[in-house]
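Student:
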Amino acid sequence: MRAKQIISAKGFVWKATIGHSLFQIIGADFYANRSSRMRFSLWGLLPLVNASSPDIMRSK
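The sequence shown: position 10 = 198 (our numbering), numbered continuously.
(1) Residues in its own chain within less than 7 Å of PRO242 by CB, not counting five upstream and five downstream?
(2) I need the boundaries of the beta strand (DSSP E) containing ARG227, first residue and last residue.
(3) Determine the direct distance from the alpha carbon of ASN221 to that of ALA191, and round the result to whole angstroms.
(4) Taking 8 Å as the threshold (C-beta atoms), are LEU230 and ILE213 in contact?
(5) Going by C-alpha to C-alpha distance, which of LEU210, ASP217 and PHE211 sits closest to GLN193?
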């Protein structure tokens, strides 16, 4: 797994690449301006997770 995190006073972005070649998951988890979202996909093409809800925001 490779991950990168960017943090600012208003929020953060956490980007990750998990696995390699035939089974690679690429995604990000971000929070800014009291809004959050989680997006992950297989090979960056097939959506696996695309979520934004009060529960996701509370987990930050």
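Heads up, the beta-carbon is just placed ideally off N, CA and C, and yes, glycines get one too.
Tutor: With the structure as the only source:
(1) For PRO242, where only same-chain residues beyond five positions count, there are no Cβ hits under 7 Å.
(2) Element bounds for ARG227: 223-230.
(3) Distance between the alpha carbons of ALA191 and ASN221: 23 Å.
(4) Yes.
(5) Ranking LEU210, ASP217 and PHE211 by Cα distance to GLN193 puts ASP217 first.
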